[in-house]
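To keep things clear, I will list the structure first and then write my remarks on it.
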Amino acid sequence: MTDTNIFPQLEIPHTIAAGPGPGNTDERVLARFAGAGLADHMHPDVLRGMVECKHMLREVMGTDNTYTFGVAGTGWSGLDTMFSAVMPGDKVVMFVNGTFSGIDGLTVRMKAATAEELAENSMDPTAASVTIVNVPHGQSVTGEIVEKALAEHKPKWAAMAHWETGSGRINDIQGFSDACEKHGAMGLVDAVSSLGVEDFRINDYPGIHGWASCPQKGICCLPLTYAPVSFTDTYIETLKATGTRTFVHHPILEARHWGILNGEDASVGTYHRTHSAYAVAAFHEALRITLQQTIARRAQDYAFHEGALRAAVTAMGCDVTSNMTSLIVLNLPADMAGREMELVQHCRAQNFGIWPTLSEPVQVRIGILNLLNQAAINDIVSRFGQAMRDLGAEFDQAQVDAALNTHYTQAVAAE
Ligand SMILES: *Cc1c(COP(=O)(O)O)cnc(C)c1O
């Protein structure tokens, strides 16, 4: 008799992770994950590892904010922690230009809604104190848009995504920070897609008081680890004054385990929840790799290889509408319009993991997270080109090859 409740061991294939995320995890990170011993969450080396991660994270994020640490979980875990300071009735202006800032907007509405507003439509509340400024898909949030809205509404909080991964658009954090400072709003930024990909230092944006990122994109540490967050003292004082109704995602409480107590660095952390030695070891290695390669170098490499991919798909007749460097978002040639999902599914069926957009309009997204070499880009281009041909596209392969060759030869010549 077979026991129908026991399934065979789960086999998950290796795919080419050529989407917006998760990114390809470095072998060194996986080795640290699998190689860590089982030590409890109060073991001195685990606690030391967390304190070291905190210091490395400050360097990766470019900040001396004491409240800089990792929140166990995914990008949304870090974002939920950051938005925990938004309390019912708080005045917030949220800028939305795609799928992810749209979900940030939902988070803000859930947090800022009064009890009555939440009960009215609990899964998608409207909050009178929240203004959502919608910027069309494919466009960036500009400093002027932010300036105008903050001048009009004078909110307590303003929030947006730095890089909107849904449409592949970079939003103007300089303009956002300036407008926040000018109008006395505390800026909150979803930096899930930009951290570890773009060369920026959060210290340079004094109008922004809360930042949240993720483990799986620019930090390349998928084995479910830590979402980096950073908060200014002003944010922490504001939070302390109002309180917030969460234990696990409470920024002040979550920081304790990383050795941040009463606004200061302590030599070791105190218990908040059970941390995994495997996750700490993996995160520690991912941060070491980032600092060894340097943020500046990685940012250059992303910009360079994105340029090659962009040139190749343009030569296939696609129209690229994004300006992020870890991801391109494109429209198919006119005669293939409407077949985006079919194309994406065809690629995914061959373990070539590209993505569609998750909200209208339907476009194709191809990412290069941690795929920063010519061989990887050539492979993506040839797989994508083959999939296009399988669906009947006609383009001149010689032009595609020439676009790639020109891009890579010029770079060699420039070195
Ligand atoms: C990926 C992403 C998220 C969500 O991150 P998870 O790790 O899936 O929780 C949020 N915001 C932006 C801008 C993202 O790109």
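First residue of the sequence shown: 119, per my numbering; consecutive thereafter.
Heads up, the beta-carbon is just placed ideally off N, CA and C, and yes, glycines get one too.
Please read these numbers as outputs of a predicted model, since none were measured by experiment.
Could you tell me the alpha carbon to alpha carbon distance between residue i and residue j, rounded to whole angstroms?
i, j, result
"Ala433", "Asn380", "57 angstroms"
"Phe365", "Ile484", "38 angstroms"
"Lys358", "Asp437", "48 angstroms"
"Val210", "Pro324", "18 angstroms"
"Pro243", "Pro254", "22 angstroms"
"Cys338", "Tyr389", "27 angstroms"
"Phe538", "Ser500", "With the chain covering 119 to 533 only, the question about residue 538 has no answer from this structure."
"Met241", "Thr232", "14 angstroms"
"Ile269", "Gly261", "The amino acid at residue 269 is misidentified as Ile; the sequence shows Ala. Ala269 and Gly261: Cα-Cα distance of roughly 12 angstroms."
"Val169", "Gly377", "6 angstroms"
"Ala152", "Leu340", "13 angstroms"
"His368", "Gly180", "23 angstroms"
"Gly196", "Gln515", "44 angstroms"
"His464", "Ala505", "7 angstroms"
"Gly336", "Tyr344", "12 angstroms"
"Gly139", "Val251", "26 angstroms"
"Ala520", "Glu478", "33 angstroms"
"Asp158", "Asn142", "28 angstroms"
"Gly471", "Gly503", "14 angstroms"
"Asp198", "Gly435", "40 angstroms"
"Ala245", "Lys274", "14 angstroms"
"Ala400", "Trp194", "20 angstroms"
"Thr449", "Ile495", "The sequence given here places Asn at residue 449; Thr does not occur at that position. Roughly 19 angstroms between the two C-alpha positions."
"Asn289", "Leu128", "40 angstroms"
"Tyr420", "Thr184", "29 angstroms"
For residue i, tell me which candidate among the options has the shortest Cα-Cα distance.
i, options, result
"Ala276", "Ser258, Ala297, Glu238", "Ala297"
"Ser258", "Glu234, Asn441, Val386", "Asn441"
"Gly167", "Gly387, Val499, Asn496", "Gly387"
"Ile326", "Asn488, Arg466, Ser444, Ala279", "Ala279"
"Asp453", "Glu403, Gly425, Arg507", "Arg507"
"Ile134", "Tyr526, Gln515, Asp497", "Asp497"
"Arg146", "Leu268, Ala404, Gly193", "Ala404"
"Ala82", "Leu522, Ala149, Trp281", "Look at the range of the chain in this structure, 119 to 533, and you will see that residue 82 is not part of it."
"Ala455", "Leu509, Leu148, Val518, Ile124", "Leu509"
"Ser247", "Asn239, Ile263, Lys272", "Lys272"
"Val518", "Val431, Arg466, Ala467, Asn449", "Val431"
"Thr392", "Glu299, Lys300, Leu313, Val164", "Val164"
"Glu234", "Asn252, Ile221, Thr249, Gly207", "Gly207"
"Val178", "His161, Ile413, Ser312, Lys300", "Ile413"
"Gly220", "Thr249, Glu238, Thr192", "Thr249"
"Asp144", "Phe502, Asn488, Phe187", "Asn488"
"Gln292", "Gly314, Ile263, Thr199, Ser311", "Ile263"
"Asn554", "Ser295, Ser311, Lys266, Cys171", "Absent from the model: residue 554. The displayed extent of the chain is 119 to 533, so no value can be given."
"Leu175", "Pro162, Arg319, Trp281", "Arg319"
"Asp182", "Val447, Gln528, Lys172", "Lys172"
"Pro474", "Thr122, Ile130, Ala136, Thr527", "Ala136"
"Gln468", "Thr527, Ile124, Lys229, His132", "His132"
"Gln148", "His402, Asp308, Gln528", "It should be pointed out that residue 148 corresponds to Leu in this sequence rather than to Gln. Nearest option by C-alpha distance: His402."
May I ask you to report which of helix, strand or coil DSSP gives residue i?
i, result
"Val226", "helix"
"Trp376", "coil"
"Ile498", "helix"
"Glu382", "strand"
"Pro162", "helix"
"Phe125", "coil"
"Ile221", "helix"
"Phe513", "coil"
"Ile130", "coil"
"Val315", "coil"
"Met205", "coil"
"Val214", "strand"
"His390", "coil"
"Thr412", "coil"
"Ala135", "coil"
"Val310", "coil"
For residue i, decide whether its Cβ has a neighbour in chain D, counting only Cβ atoms nearer than 7 angstroms.
i, result
"Ile378", "The chain inventory of the structure shown lacks chain D, comprising one protein chain alone."
Confirm the yes/no value for this check: CB of residue i, any heavy atom of ligand 2, distance under 6 angstroms.
i, result
"Phe218", "Ligand 2 is not part of the structure shown, which contains ligand 1 as its ligands."
Sufficient close CB pairs (3 or more, under 8 angstroms) joining the segment 270-286 to the segment 212-224: The segment 212-224 and the segment 270-286 touch, with three or more beta-carbon pairs separated by less than 8 angstroms.
Which ranges does the alpha helix (DSSP H) cover as unbroken runs of at least 4 residues, wholly within the segment 228-308, from first to last along the chain? Runs of the alpha helix (DSSP H) inside the segment 228-308: 233-238, 261-271, 291-301.
For the 8 angstroms Cβ check, are there 3 or more pairs between the segment 315-332 and the segment 345-356? They touch, by the three-pair rule.
Counting pairs of beta carbons, one from the segment 217-232 and one from the segment 408-425, are three or more of them closer than 8 angstroms? No, the segment 217-232 is not in contact with the segment 408-425.
When you compare the segment 193-206 with the segment 302-321, are there three or more beta-carbon pairs, one atom per stretch, that lie closer than 8 angstroms? Because the criterion of three Cβ pairs below 8 angstroms is met, the segment 193-206 and the segment 302-321 touch.
Kindly provide the ranges of any beta strand (DSSP E) runs that are 3 or more residues long and lie completely inside the segment 317-376, ordered along the chain. Taken in chain order, the complete beta strand (DSSP E) segments of 3 residues or longer contained in the segment 317-376 are 326-330, 344-349.
Just list the alpha helix (DSSP H) runs in the segment 465-499, keeping only unbroken ones of 4 residues or longer that don't cross its boundaries, in chain order. Counting only runs of 4 or more, we get nothing.
Sequence ranges, beta strand (DSSP E) only - wholly within the segment 137-192, length at least 3: Qualifying beta strand (DSSP E) stretches, in chain order: 185-190.
Across the segment 418-429 and the segment 442-450, are there enough close Cβ pairs to call them in contact, namely three or more that are closer than 8 angstroms? Counting Cβ pairs under 8 angstroms, three or more are found: they touch.
With a floor of 4 residues, list each alpha helix (DSSP H) that falls wholly inside the segment 426-469, ordered by position along the chain. The qualifying runs are 458-466.
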